[in-house]
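Trainee:
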Amino acid sequence: MPSRDGPAVIEVHDLVKRYPGSDTNAVDGLSFRVEPGEVFGLFGPNGAGKSTTIGVLTTRLRATAGRAYVGGVDVDRDPATARAQLAVVPQHNNLDRALTPRQNLVHHGTYHGLSRRAAAERADELLAGFGLTDRADRRIEAYSGGLAQRLMIARALVHEPMVLFLDEPTNALDPQTRLLIWGQLRRLRERGVAILLTTHAMNEAARVVDRVGIVDQGRLLTLDTPQNLLRSLAGDAILDLTVTPAAADGPAQLEAALGRLDGVRKVERLGPPAGPGGPGPLGGRPGANLPPAVRARLAAAGGAGALATLARQRATDPADGSGRTRLRLHVAGDPSALLGTAVTVVTGRSATVDAVQVSEPSLEDVFVELTGREPR
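The sequence shown maps to residues 17 to 392 in my numbering.
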């Protein structure tokens, strides 16, 4: 984690942005700071104010109120100097298609004041680092989405910025390209480059970011490390049950009964699954999606009967999935110790268990807890 003793490279103080004709603020009193060598995740639903905040920081937009600094430079009072401290990698390809990849990098370097020779040397270094040397002189049209994303990040780094802004850096990329990009970001962090990224791939980004700020309706809801945010959730593990209540019972009654079990911190009703037993994270053969370690602990604890019950019930489930609902149990301690009891409660109410999934809380769970489940 970067030191908090030195000056921040991004500072935002009570930032407000209201667009003309709007009766609400797109950004409403936002404050945070990003340190040298820190990867900072700015997450939020669509329309939460993330893009507007970055627009102000990168000098594309002017704030209505508040102050914002990049590299110690006030972005409103001296936008040209601020822009020299930063680089932006947008979500969509904005490479110059009239130039080759190498020419894109050299042109960007000379634009930022490098000599042509220095820009060419820097371009060669970055092309090698991003695995693009063999493709450096091809036409941009021949580049896949992953290659284009690598090249856009390389271009952003030509003038060695103090701050790098990334918008959905791994969206729709193959696993190999995602690994390469995350690896490059780690190396940039080690060199002291501050990185501010926005992404909906929060669980993937959680392995890289140092701190996360979650925003909604222009306000900062929380700001902390991923580890501390996960600790803020109710429970140490998540037990998802897809169930079919009995005709005389209902999801609310099952939810209440499961919520009374020792070790259950919280129960959420997630609504019906996508189809009969799936598809989705709860689909497939009952118990098959349990991790091997959990299955082993279940067997050792005498919980194998719970899996047998699942198998018997699944064989007689209605084919259309009618009446099924998903219940998510936030569990304290080992979820395998609770599964047998939970199944007993469900079957004791003449309901059936259609599928089970055990998982650990994730950054996405924190996000949904704070911003709600309704799509925007």
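Where is the CB? At the ideal position from N, CA and C, for every residue including glycine.
Please classify Glu390 as buried or exposed, where buried requires at least 16 neighbouring CB atoms within 10 angstroms.
Mentor: Along the sequence shown, read from residue 1 onward, the residue named residue 390 stands at position 374. Per the 10 Å Cβ criterion, exposed.
Trainee: Express the C-alpha separation of Ala348 and Ala250 in angstroms, rounding to a whole number.
Mentor: As a working note, residue 250 is residue 234 in the sequence shown. As a working note, residue 348 is residue 332 in the sequence shown. Looking at the two C-alpha atoms, the distance is approximately 8 Å.
Trainee: Which residues bound the beta strand (DSSP E) around Phe59?
Mentor: For the purposes of this step, residue 59 is taken as the residue at position 43 of the sequence shown. Run containing Phe59: Val55 to Phe59, per the beta strand (DSSP E) assignment.
Trainee: So, is Gln192 buried or exposed, given that buried needs 16 or more other C-beta atoms within 10 angstroms?
Mentor: Within the sequence shown, residue 192 is the residue found at index 176, counting from 1. Counting Cβ neighbours within 10 Å, Gln192 comes out exposed, since fewer than 16 surround it.
Trainee: Measuring straight from C-alpha to C-alpha, what distance separates Arg34 and Ile26?
Mentor: One-based indexing of the sequence shown puts residue 34 at position 18. One-based indexing of the sequence shown puts residue 26 at position 10. Their Cα atoms are separated by approximately 21 Å.
Trainee: Count the C-beta pairs between the stretch 364-371 and the stretch 264-279 that are closer than 8 Å, then say yes if the count reaches three, no if not.
Mentor: A contact exists between the stretch 364-371 and the stretch 264-279.
Trainee: Going by Cα to Cα distance, which pick from Leu102, Val174, Met178 and Gly162 is closest to Thr75?
Mentor: Counting from one through the sequence shown, the residue named residue 75 turns up at place 59. Considering only alpha carbons, the answer is Leu102.
Trainee: Give the DSSP bridge partners of Ser375, in chain order.
Mentor: Mapped onto the sequence shown, residue 375 falls at position 359. Answer is Ile254, bridged to Ser375.
Trainee: Applying the 10 Å Cβ sphere with the 16-neighbour rule, what's the burial state of Asn110?
Mentor: Indexing the sequence shown from 1 puts residue 110 at position 94. That one is exposed.
Trainee: Taking Ile211 as part of the alpha helix (DSSP H), name the residues at either end of that continuous run.
Mentor: By one-based count along the sequence shown, residue 211 stands at place 195. Careful: Ile211 lies outside any alpha helix (DSSP H), inside the beta strand (DSSP E) at Ala210 to Thr214.
Trainee: Run through DSSP, which three-state label would Thr387 get?
Mentor: Here the question's residue 387 lines up with position 371 in the sequence shown. Looking at Thr387 - three-state DSSP - the assignment turns out to be helix.
Trainee: Indicate whether the contact test is met: 3 or more Cβ pairs, each with one atom in the stretch 74-92 and one in the stretch 126-139, closer than 8 Å.
Mentor: The stretch 74-92, when compared against the stretch 126-139, does not touch it at the 8 Å Cβ threshold.
Trainee: In three-state DSSP terms, what is Val91?
Mentor: Here residue 91 corresponds to residue number 75 of the sequence shown, with the count starting at 1. Here Val91 sits in coil by DSSP.
Trainee: How many angstroms separate the CA atom of Ala233 from the CA atom of Leu121?
Mentor: Residue mapping note: residue 233 aligns to position 217 of the sequence shown, counting from 1. Residue mapping note: residue 121 aligns to position 105 of the sequence shown, counting from 1. Ala is not the amino acid found at residue 233; the sequence shown has Gln there. Gln233 and Leu121: Cα-Cα distance of roughly 37 Å.
Trainee: Could you check whether Val72 and Leu31 sit closer than 8 Å to each other, using their CB atoms as the reference points?
Mentor: What you label residue 31 is simply residue 15 of the sequence shown in a count that begins at 1. What you label residue 72 is simply residue 56 of the sequence shown in a count that begins at 1. Taking 8 Å as the Cβ cut-off, Leu31 and Val72 qualify as a contacting pair.
Trainee: Using beta-carbon positions only, say whether Thr214 and Asp240 come within less than 8 Å of one another.
Mentor: The residue given as residue 214 occupies position 198 in the sequence shown. The residue given as residue 240 occupies position 224 in the sequence shown. Against a cut-off of 8 Å, the Cβ pair of Asp240 and Thr214 comes out as no contact.
Trainee: Excluding sequence positions up to five away, which residues of its chain have a Cβ less than 6 Å from the Cβ of His29?
Mentor: Position 13 of the sequence shown, counting from 1, holds the residue named residue 29. Here the set comprises Ser47, Gly82 and Arg83.
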